[in-house]
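Chemist: Protein chains in written order, with this note's numbering: chain A, 60 to 293; chain B, 60 to 293. Note that CB positions come from ideal geometry on N, CA and C, so glycine has one too. Treat the numbers as computed from the prediction; the structure is a model and nothing was measured.
There are 2 protein chains.
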Amino acid sequence: MLYIKCIFGGVKKTMTRSEENYIKSIYHLDKVESAMVSTNAIAEEMQTKPSSVTDMVKKLSEKGMVNHKRYKGVSLTEIGRKAALSIIRKHRLWEVFLVEKLDFAWDEVHEVAEQLEHIKSDALIEKLDAHLGFPRVDPHGDPIPSKDGEFKKVIKKLLSEVEIGAEGVCVGVKDSSTPFLKFLDKNKIAINDYIKTIEKEEFDGSLYIEVNGRKVHISNQIASNLYLEIKEAE
Amino acid sequence: MLYIKCIFGGVKKTMTRSEENYIKSIYHLDKVESAMVSTNAIAEEMQTKPSSVTDMVKKLSEKGMVNHKRYKGVSLTEIGRKAALSIIRKHRLWEVFLVEKLDFAWDEVHEVAEQLEHIKSDALIEKLDAHLGFPRVDPHGDPIPSKDGEFKKVIKKLLSEVEIGAEGVCVGVKDSSTPFLKFLDKNKIAINDYIKTIEKEEFDGSLYIEVNGRKVHISNQIASNLYLEIKEAE
DNA sequence: ACATATTTTTAGATTAGTCTAAATATTTAT
DNA sequence: ATAAATATTTAGACTAATCTAAAAATATGT
Chain A
60 MLYIKCIFGG VKKTMTRSEE NYIKSIYHLD KVESAMVSTN AIAEEMQTKP SSVTDMVKKL
120 SEKGMVNHKR YKGVSLTEIG RKAALSIIRK HRLWEVFLVE KLDFAWDEVH EVAEQLEHIK
180 SDALIEKLDA HLGFPRVDPH GDPIPSKDGE FKKVIKKLLS EVEIGAEGVC VGVKDSSTPF
240 LKFLDKNKIA INDYIKTIEK EEFDGSLYIE VNGRKVHISN QIASNLYLEI KEAE
Chain B
60 MLYIKCIFGG VKKTMTRSEE NYIKSIYHLD KVESAMVSTN AIAEEMQTKP SSVTDMVKKL
120 SEKGMVNHKR YKGVSLTEIG RKAALSIIRK HRLWEVFLVE KLDFAWDEVH EVAEQLEHIK
180 SDALIEKLDA HLGFPRVDPH GDPIPSKDGE FKKVIKKLLS EVEIGAEGVC VGVKDSSTPF
240 LKFLDKNKIA INDYIKTIEK EEFDGSLYIE VNGRKVHISN QIASNLYLEI KEAE
């Protein structure tokens, strides 16, 4: 009775690093093709052999993290999904840290974040989240799940397409080429910055905006490569 | 020939987490009693059985990290010592991060730092060091080894005992009781802060100091519980 | 100095995560 | 529908890190 309660209540299972990586892979594959995930696909994603996958899937199934019928593929249980999102949350928060605080380039952070995501400490990740100002998205523009495993539904629009007066958090770039990212860097515009639109120059479509309170003038080309998060009400 | 060069040149051996922990334990034990380190002592420190230690010592010995003669105890080689200091450097830098940036209490950081110290990325640790302003000591006042495995020799004096006009980095506390630490917190005096002595009030020994440019008046009791790093020349 | 106690090592087993090779189930193509 | 191709699982083995129990070396006390 108590046991049942523990499992379905909020008690965390301690997962090994390998288990965590499998769960994460299964989550990502599940997203792409929303059917059952195949053994081979997991093996491919994890860079292991299918037989290793079968073993691990058996283990995860016994732990209640995945559903599995022999020869029929795998899907995450609710517990497994929560676990995956917890790891993804850590990964993405660490990526924000690496880029915003340690000045890594956005395309240099993945490998290190793959290690950092396995650090076990709830206090750490909550304090990190606060330290970073509760960012909505990681440096690639991917949304950061909340503590309890939900994504805030992010509705994003190109800056060039919002009406004047609209404001919101910059949640992504359309063009992720190096020159464009360098431009943003030079002009101190970064993902998760708060942007207000002030005025549009009609004849060339350029925009006067405020980035974290600082006034900036950007061309239409720039504006049409930046995504703004739009609030529900808008 | 090339092989030899590689070993003695700066080529890093990839160490497992367990190997790193053994090397660190041996380093700490070596510090305390500067003779050979015993198998039992390592087992005690690592919370394992002596037979496990024998196995690991054999492995580390083959990798050239420790010297070992059967039944005679263990000592670190130069390579092993460097490896130990590299791990300690990471541990202590992470501790500074946790306390200064994430607001952990100084006595809450050890467990998490034990995990973070094993993250493998040179770029990460150098960028972290810069982000933290190249701290000299960790939140416990222990010195942080440099990148190449040296300690900057820290000569420390109680703030109450330096002559007026002296300045330096606050590198430790004598009293580490909670009330004292709370006091420091409230008065925004922290380890690694830069402190200048301005004037001493003769009749009660209280001190006027500057902490990172901000003027503060502290009693003699406070001054006699804070350590300042004194430059060679002084 | 020698018997006893302690320390260290060896031998053999265990677990997690992986592998290869073989067996079995499912899917696909004719 | 059935043979061939593909996917999945099982069986058995390997490595790293650990353990227990027994053997061997060293240290200690009278």
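When you compare the segment 147 to 154 of chain B with the segment 130 to 138 of chain B, are there three or more beta-carbon pairs, one atom per stretch, that lie closer than 8 Å?
Modeler: Because the criterion of three Cβ pairs below 8 Å is not met, the segment 147 to 154 of chain B and the segment 130 to 138 of chain B do not touch.
Chemist: Three-state secondary structure (DSSP) at A:Val125?
Modeler: Note: A:Val125 maps to strand in three-state DSSP.
Chemist: Keeping to the same chain, check which residues put their C-beta closer than 7 Å to that of A:Asn271; ignore five residues upstream and five downstream.
Modeler: Hits under 7 Å: Asp252, Tyr253.
Chemist: Which same chain residues, not among the five before or five after A:Val116, have their C-beta less than 8 Å away from its C-beta?
Modeler: These residues qualify, in order along the chain: Tyr81, Thr98, Ile101, Val125, His127, Val133.
Chemist: Determine contact between the segment 181 to 197 of chain B and the segment 211 to 228 of chain A, defined as no fewer than three beta-carbon pairs at a distance below 8 Å.
Modeler: Segments in contact, no.
Chemist: My understanding is that B:Val228 touches B:Glu288, with C-beta atoms under 8 Å, so please give their C-beta distance in whole angstroms.
Modeler: With a Cβ gap of about 5 Å, B:Val228 and B:Glu288 count as contacting.
Chemist: What separation, rounded to the nearest whole angstrom, lies between the Cα atoms of A:Ile147 and A:Ala282?
Modeler: In a straight line, the C-alpha of A:Ile147 is about 29 Å away from that of A:Ala282.
Chemist: What residue range does the alpha helix (DSSP H) around B:Ser84 cover?
Modeler: It spans 76 to 91 - the alpha helix (DSSP H) in which B:Ser84 sits, taken as one unbroken run.
Chemist: Quick one: list the residues of chain A neighbouring B:Phe163, beta-carbon separation under 9 Å, in chain order.
Modeler: Result: Ala182, Leu183, Lys186.
Chemist: Please give the ranges of any beta strand (DSSP E) in the segment 127 to 191 of chain B, keeping only runs that are unbroken, at least 3 residues long and fully inside the region.
Modeler: You should have 133 to 135.
Chemist: Taking its Cβ as the centre, do 16 or more other Cβ atoms sit within 10 Å of A:Ile223, making it buried, or is it exposed?
Modeler: A:Ile223 comes out exposed.
Chemist: Is it true that the CB of A:Gly264 sits closer than 8 Å to the CB of A:Val230?
Modeler: No, these two residues do not count as a Cβ contact at 8 Å.
Chemist: For B:Gln174, return the contacting residues in chain A, with the cut-off set at a CB-CB distance below 7 Å.
Modeler: Here the neighbours are Ile178, Lys179.
Chemist: State the DSSP-derived secondary structure class of A:Val116, mapped to helix, strand or coil.
Modeler: Note: A:Val116 maps to helix in three-state DSSP.
Chemist: Is B:Ser120 near B:Met105, with beta carbons less than 8 Å apart?
Modeler: No, Cβ-Cβ distance for B:Ser120 and B:Met105 is not below 8 Å.
Chemist: Quick one: is B:His190 near chain A, going by C-beta distance under 8 Å?
Modeler: Yes, B:His190 counts as interfacial toward chain A.
Chemist: Closest to B:Glu173 by CA distance: which of B:Asp207, B:Ala189, B:Ser77 is it?
Modeler: Per the Cα distances, B:Ser77.
Chemist: What's the C-alpha gap between B:His87 and B:Ala225?
Modeler: Their Cα atoms are separated by approximately 33 Å.
Chemist: Going by DSSP in three states, B:Glu226 sits in which element: helix, strand or coil?
Modeler: Looking at B:Glu226 - three-state DSSP - the assignment turns out to be strand.
Chemist: Going by DSSP in three states, B:Glu261 sits in which element: helix, strand or coil?
Modeler: Coil.
Chemist: Just to confirm my understanding: we take B:Phe258, look at its own chain, exclude 5 residues before and 5 after, and list those with CB closer than 6 Å. What are they?
Modeler: Sequence check: residue 258 of chain B is Glu here, not Phe. Here the set comprises Tyr267.
Chemist: Quick one: does A:Lys160 have its CB under 8 Å from some CB of chain B?
Modeler: A:Lys160 counts as touching chain B.
Chemist: Output yes if chain A places a C-beta closer than 8 Å to the C-beta of B:Val171; else output no.
Modeler: Yes, because at least one Cβ of chain A sits closer than 8 Å to the Cβ of B:Val171.
Chemist: Tell me, please, which residues DSSP counts as bridged to A:Leu217.
Modeler: Paired residue(s): A:Tyr286.
Chemist: Looking at the unbroken beta strand (DSSP E) that takes in A:Ile101, where does it start and where does it end?
Modeler: No beta strand (DSSP E) contains A:Ile101, which is instead part of the alpha helix (DSSP H) from 98 to 105.
Chemist: When the Cα atoms are used, what is the spatial distance from B:Glu170 to B:Asp162?
Modeler: Computed Cα separation, rounded: 15 Å.
Chemist: Which first and last residues belong to the beta strand (DSSP E) in which A:Lys274 is found?
Modeler: Counting along the chain, the beta strand (DSSP E) containing A:Lys274 begins and ends at 273 to 277.
Chemist: Is it true that the CB of A:Asn279 sits closer than 8 Å to the CB of A:Gly232?
Modeler: The question names Gly, yet the displayed sequence has Val at residue 232 of chain A. No, Cβ-Cβ distance for A:Val232 and A:Asn279 is not below 8 Å.
Chemist: Label A:Ser145 either buried or exposed according to how many other C-beta atoms from any shown protein chain fall within 10 Å of its C-beta, with 16 as the threshold for buried.
Modeler: Answer is buried; the Cβ neighbour count reaches 16.
Chemist: Look at the alpha carbon of B:Lys310 and the alpha carbon of B:Asp89, and state the distance between them as a whole number of angstroms.
Modeler: Examination of residue 310 of chain B is not possible in this model, given that chain B is present from 60 through 293 alone.
Chemist: How should B:Leu61 be labelled, buried or exposed, when 16 other C-beta atoms within 10 angstroms of its C-beta is the threshold for buried?
Modeler: Because B:Leu61 sits at a pLDDT of 37, beneath the cut-off of 50, its placement in the model cannot be relied upon, and the following sentence gives the value as read from the coordinates. B:Leu61 should be labelled exposed.
Chemist: Based on DSSP bridge pairs, tell me the residues matched to A:Glu209.
Modeler: None; A:Glu209 has no bridge partner.
Chemist: Could you pull out every residue in the same chain whose Cβ sits closer than 6 Å to the Cβ of B:Phe210, ignoring the five residues on either side in sequence?
Modeler: Once the five neighbours on either side are set aside, the close Cβ partners of B:Phe210 are Pro202, Pro204.
Chemist: List the endpoints of the continuous beta strand (DSSP E) containing B:Ile203.
Modeler: Segment: none, B:Ile203 is in no beta strand (DSSP E) and carries neither H nor E.
Chemist: Which first and last residues belong to the alpha helix (DSSP H) in which A:Arg237 is found?
Modeler: Reading the sequence as shown, one finds Thr at residue 237 of chain A and not Arg. Note, A:Thr237: alpha helix (DSSP H), 237 to 245.
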